[in-house]
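All remarks here apply to the structure that follows.
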Amino acid sequence: GAVVSQHPSRVICKSGTSVKIECRSLDFQATTMFWYRQFPKKSLMLMATSNEGSKATYEQGVEKDKFLINHASLTLSTLTVTSAHPEDSSFYICSASRQGTSYEQYFGPGTRLTVT
Amino acid sequence: EDQVTQSPEALRLQEGESSSLNCSYTVSGLRGLFWYRQDPGKGPEFLFTLYSAGEEKEKERLKATLTKKESFLHITAPKPEDSATYLCAVLSGSSNTGKLIFGQGTTLQVKP
């Protein structure tokens with residue numbers, strides 16, 4: 001159990017367009033979902049935390065209007081990168097915590113975003 | 117300030133050569149310490165959670181231990197398929213969101 005999927009796995013978009021990334025917990029209900037960004041050979045950088053039905057909590061320095069997060073159900077969260085620019089190119093990873101567990105986070109396989 | 121430091125940054129081992137990875141932490145009230153494995157281009161894979169000093173957990177060639185200041189990930193007789201980046205993360209007692217604080221990781225390369 002504790003499988004998290006992400007879609008798409010890779011996406012290339014043009015500068016100025018928006019891209020939506022989906023994160024799903026496949027076999028459990030996720031109280032909380034997290035969105036990370038990872039630069040090459042670097043550790044994970046938390047962007048935001050989202051709870052089902054609530055507004056996301058963004059980390060300092062992360063633009064809320066640029067990275068829109070929606071957590072519509074206990075199994076689905078989406079990250080929309082609006083008006084993408086080349087500097088938004090990165091590896092985006094989501095994770096999910098199960099209800100009633102000890103805060104273990106289970107990660108998705110990641111989405112590689114390239115903005116041209 | 118809560119902080120996690122992993123060492124070494126990189127480690128090269130011969131197949132069968134046992135070693136340990138270190139994760140030192142300073143946190144206001146540890147609620148949990150987590151080990152993950154990450155392969156290139158993939159999301160982290162959960163390995164272990166440790167909650168209190170003295171606790172140990174094992175999985176195949178991996179054994180994680182915890183003290184009040186650090187955690188070790190012992191790798192016994194590693195194989196090339198153990199090559200990956202190993203990430204350590206802690207959950208602070210001051211967190212009410214479940215936010216994990218990650219170390220920078222140790223990249224392990226096991227040569228045949």
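Chains A and B supply the protein sequences, listed in that same order. Under the working numbering, the first residue of the first sequence is numbered 1, with each subsequent residue one higher. Under the working numbering, the first residue of the second sequence is numbered 117, with each subsequent residue one higher. Just so you know, even glycine gets a beta-carbon here, dropped at the ideal spot from N, CA and C.
Could you confirm whether any beta carbon from chain A is found closer than 8 Å to the beta carbon of ARG147 (chain B)? As a working note, residue 147 (chain B) is residue 31 in the second sequence. Yes, ARG147 (chain B) counts as interfacial toward chain A.
With VAL206 (chain B) and TYR152 (chain B) assumed to form a contact (beta carbons below 8 Å), what rounded beta-carbon distance in angstroms separates them? The residue given as residue 206 (chain B) occupies position 90 in the second sequence. The residue given as residue 152 (chain B) occupies position 36 in the second sequence. VAL206 (chain B) to TYR152 (chain B), Cβ: 12 Å. No contact.
Helix, strand or coil: how does DSSP classify GLU60 (chain B) here? Outside the modelled stretch of chain B, which goes from 117 to 228, sits residue 60 (chain B), for which no answer is possible.
Could you name the residues of the region 141-172 of chain B whose beta carbon sits closer than 9 Å to any beta carbon of chain A, in the order they occur along the chain? ARG147, GLY148, PHE150, TYR152, GLN154, GLY157, LYS158, GLY159, PRO160, GLU161, PHE162, THR165, TYR167
Just the C-alpha distance for THR111 (chain A) and GLU104 (chain A), rounded to the nearest angstrom, thanks. For the purposes of this step, residue 111 (chain A) is taken as residue 111 along the first sequence, with counting starting at 1. For the purposes of this step, residue 104 (chain A) is taken as residue 104 along the first sequence, with counting starting at 1. Each residue's Cα considered, the two are about 21 Å apart.
Sorted by chain position, which residues of the same chain lie with C-beta nearer than 7 Å to PHE34 (chain A)'s C-beta, five sequence neighbours on each side aside? By 1-based counting over the first sequence, the position of residue 34 (chain A) is 34. Excluding positions up to five away in sequence, the list reads LEU46, THR49, CYS94, SER95, GLN105.
Can you tell which of B:SER123, B:LEU216, B:PRO228 has its C-alpha closest to the C-alpha of THR165 (chain B)? As a first step, residue 165 (chain B) must be located in the second sequence, where it is residue number 49. Considering only alpha carbons, the answer is B:LEU216.
Name the residues in the region 92-115 of chain A whose C-beta lies less than 7 Å from a C-beta of chain B; which are they? ILE93, SER97, SER102, TYR103, GLU104, GLN105, TYR106, PHE107, GLY108, PRO109, GLY110
So, is the C-beta of LEU207 (chain B) closer than 8 Å to a C-beta in chain A? Counting from one through the second sequence, the residue named residue 207 (chain B) turns up at place 91. For LEU207 (chain B), the answer is yes, since a Cβ of chain A falls inside 8 Å of its Cβ.
Best match in A:GLU52, A:GLN29, A:PHE67 for proximity to GLU59 (chain A) [C-alpha to C-alpha]: Counted from its first residue, the first sequence places residue 59 (chain A) at position 59. It is A:PHE67 whose Cα lies nearest to the Cα of GLU59 (chain A).
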